[in-house]
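Residue numbers (my numbering), protein chains in the order written: chain A, 31 to 453; chain B, 926 to 1347. Following: one structure in structure tokens, then a few remarks.
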């Protein structure tokens, strides 16, 4: 492992050959334990450490990655060479700035829990499912500790450290198979996850198709499928720059009802996507994407911000071997008016099958309902073999928010309600 | 390397090295991985420690008895990617992009990638395997605008070299022409139609609707609709569906799986009857059979699980004219992928592009149609299978881990398919 002084020396070497340079170092360790039916199937651990290098030469950016520190010289040659084949963006690596201290991202106690204790929790989850009459199919716990640091030739520097735990449970009841999950920065009681999975499996069993126009209640897990596959690509400044986003010409125009605001907030204490800065070193700040129904901004990394003269802050890496790409942090839905679910009557959609099959350019979708029920103040009889069809941007204009605000990983908001078609 | 609208956008290069160790004791497993060779001993110790955790309440599996193979395999490439500089590759991509720049095309992308790798597999039973592989892929996407914006894509890939650009040189322009055609396409009214599925869609059907349901890890936990159906007729006798990782040059090719078992062709459905499940050594042991050589891991950081490779709907005897002999129906030509619930036996595949069929002729283009419903109903309703088997590589299957796969099939016809549109 290279220490900060070693990284600094490598950066100095790079600086001598290019206009600007940036060196990124990432280290993570994880533990995963999985059960299958009534026993532990696998216990796995992993340690990963790697480096990436970005250079800017003549206004063009080049990227390379490596795992062996001895490969640095080759990686530098690769990055310089790659820069010749990148577009000229006018981007510059950010200088060092004061970063906010975001609380609750690192939990030492989580790391002190040993493998045997986590395995015991999983065994308790199996028992919790059995008590409901459903069958436990799979439970898993994944725990990770991640550190990353970045130095650039403009004086920019960050070091980030976090922990995370992800618990997943799936259960089966007759022809129905359902799941629940939770992510957190610290330890939590896992049994309710298994109980929810079993409860859903029982409630979603059986069922008949429905068709027609209905009031439709989308659970946050179904909402996030649509957000990830339609809204986030449309907010990506790469697409806006090329005018291939549906939202390209909608800036400062109404895109949803005026009681709704949508925020990108990396500063939430303990948030799963919270951070002091993005992976390019741009300090975190809370940003309104939609303010009272009006689209106020797109998402930028330093390259698109350079091209479009805007503020970066959404450049995040997916591992050391990938360059930063544009994505939101914690998404917060702020609605002033909420529909009381105890009065809602319609169709409840828990999840969607194959949401990656939407048309992300137009927002059109025809998606099979993975699990759903009739709803009248609560979940009723299950439905099956039917699809929701429509257009996401039409849905967004007429959406209402329910009164069940919840946090599901990066999503902080309620279920969505809209009038739509089911076939 | 990626190109956007006539100029190079990004190039990435890198090297990685990683290893994993899997240990089995009393029929259960411990697994550990690292990309730091200085930490190999610690990884081994961790795997040994974790096997004890698994033994607390084991889901006992063990491994089936298989031959311990010793071999060295090198993938052949007419043009080794490492022999071509970034300059040469960029120059070719820029030239290729020129064909995509058509009137009303407002943007287009080409994403090119190649990986040259060496993998070693050793186990305590004496297996010693070395696999030198080359994988190349290229993806095209075009955006057309006239009032609305429509986009079309095509991706391809295989275990071969830089010759991929020669093989698929015309696909860039075809993708742009398809985006233009989508400008005039409408959404089809949802309902039941007689449907002709093109090779891309019949291949996705073989993979999603049948292949996943045949994966034995879903069978041993009773999570598949095909559990208990071995030897039973589940579909039309025209339906034969296979998985074959031995097809050299394909995207899903591998000579040995990630448990060291020699790969082979598996006929999952033969003439409408369930013939075999897909197995790793773990699931094979549980069901008292031999592995089919389908254990794959995304990387050394993942443990091997049952996966498909090159999965295809086998060819039949029908001519194209016979298959399209429909009074009114839909032709789903281009695929956008799919997904399946193997327990409920329900699936959905999305089509980027299709056409209305009227009196045996292809007429108006349609977009964003999806076909969904029950796997077993659909397999029963296949009433024509063409001679024109085609393979489509370049895709990845997700099951917690991504692996390279190819899908394949001929044109097939399904009576009364459920179609979702507007």
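The C-beta atom is built at its ideal place from N, Cα and C for all residues, glycine as well.
Chain A residues whose Cβ lies nearer than 7 Å to that of residue i
i, result
"residue 982(B)", "69, 70, 153"
"residue 942(B)", "97, 98"
"residue 1275(B)", "384, 387"
"residue 926(B)", "115"
"residue 954(B)", "72"
"residue 970(B)", "Going along chain A, no residue has its Cβ under 7 Å from residue 970(B), so there is no contact; the nearest lies around 10 Å."
"residue 1345(B)", "396, 417, 419, 453"
Listed by chain order, chain A residues near residue i by CB distance under 9 Å
i, result
"residue 1031(B)", "272, 273, 274"
"residue 1223(B)", "The contacting residues do not exist; residue 1223(B) stays about 12 Å from chain A at best."
"residue 1155(B)", "Near residue 1155(B) there are no residues of chain A at all, since even the closest Cβ is about 20 Å away, more than 9 Å."
"residue 1262(B)", "384, 386, 387"
Where residue i falls: helix, strand or coil (DSSP)
i, result
"residue 208(A)", "strand"
"residue 164(A)", "coil"
"residue 1235(B)", "strand"
"residue 1302(B)", "helix"
"residue 343(A)", "coil"
"residue 352(A)", "coil"
"residue 1240(B)", "coil"
"residue 303(A)", "coil"
"residue 155(A)", "helix"
"residue 369(A)", "strand"
"residue 968(B)", "helix"
"residue 147(A)", "helix"
"residue 53(A)", "strand"
"residue 135(A)", "coil"
"residue 977(B)", "helix"
"residue 202(A)", "strand"
"residue 129(A)", "coil"
"residue 1223(B)", "coil"
"residue 1266(B)", "strand"
"residue 479(A)", "Lying outside 31 to 453, the shown extent of chain A, residue 479(A) is not represented and no answer is given."
"residue 427(A)", "helix"
Chain B contact residues for residue i, given Cβ-Cβ distances below 7 Å
i, result
"residue 389(A)", "1293"
"residue 101(A)", "940"
Residues sharing a beta bridge with residue i, DSSP
i, result
"residue 1317(B)", "1332(B)"
"residue 361(A)", "294(A), 441(A)"
"residue 1094(B)", "Per DSSP, none; premise fails for residue 1094(B)."
"residue 406(A)", "375(A)"
"residue 1279(B)", "1257(B), 1291(B)"
"residue 892(B)", "Outside the modelled stretch of chain B, which goes from 926 to 1347, sits residue 892(B), for which no answer is possible."
"residue 331(A)", "BP columns for residue 331(A) are empty, so no partner."
"residue 983(B)", "70(A)"
"residue 194(A)", "174(A)"
"residue 418(A)", "397(A), 452(A)"
Residue i: CB within 6 Å of a non-hydrogen atom of the ligand COA
i, result
"residue 206(A)", "Questions concerning the ligand COA fall outside what the structure shown contains, since it holds no ligand whatsoever."
Amino acids of chain B, ordered along the chain, whose beta-carbon sits closer than 8 Å to that of residue i
i, result
"residue 351(A)", "939, 941"
"residue 108(A)", "938, 939"
"residue 145(A)", "974, 975, 978"
"residue 254(A)", "Chain B residues near residue 254(A): none, gap ~16 Å exceeds 8 Å."
"residue 167(A)", "1146, 1148"
Chain A residues whose Cβ lies nearer than 8 Å to that of residue i
i, result
"residue 960(B)", "77, 78, 79, 80, 97"
"residue 1011(B)", "111, 112, 114, 115"
"residue 1233(B)", "The premise fails here: residue 1233(B) is roughly 17 Å from chain A at the closest Cβ pair, so nothing lies under 8 Å."
"residue 1068(B)", "272, 274, 391"
Residue i: contacting residues in chain B (beta-carbon distance under 9 Å)
i, result
"residue 205(A)", "1150, 1268, 1269, 1270"
"residue 65(A)", "982, 984"
"residue 392(A)", "1073, 1074, 1075, 1076, 1292, 1293"
"residue 414(A)", "1269, 1271"
Suppose only complete runs of 4+ residues qualify. What are the alpha helix (DSSP H) ranges in the region 220-296 of chain A, listed by chain order?
221-233, 250-256, 262-265, 267-271
At 3 residues or longer, what runs of the beta strand (DSSP E) sit wholly inside the region 986-1041 of chain B?
995-999
Quick check on the DSSP output: what are the complete beta strand (DSSP E) runs of length 3 or more inside the region 1132-1218 of chain B, in order along the chain?
1166-1168, 1191-1195
Say whether the region 394-409 of chain A touches the region 211-226 of chain A, bearing in mind that this needs 3 or more beta-carbon pairs closer than 8 Å, one atom from each stretch.
no
Pairs of beta-carbons, one from the region 1017-1029 of chain B and one from the region 1209-1224 of chain B, closer than 8 Å: are there three or more?
no
At a cut of 8 Å, does the region 1231-1251 of chain B reach the region 1305-1322 of chain B through at least three beta carbon pairs?
yes
I want to know whether the region 124-140 of chain A touches the region 160-170 of chain A - three or more CB-CB distances under 8 Å.
no
Does the region 1185-1192 of chain B touch the region 1254-1270 of chain B, meaning 3 or more C-beta pairs lie closer than 8 Å?
no
Specify whether the region 1196-1203 of chain B and the region 1144-1160 of chain B touch according to this definition: at least 3 beta carbon pairs, one from each stretch, less than 8 Å apart.
yes
Could I get the ranges of all uninterrupted alpha helix (DSSP H) runs contained in the region 1095-1130 of chain B, with 4 residues as the minimum, in chain order?
1096-1108, 1124-1130
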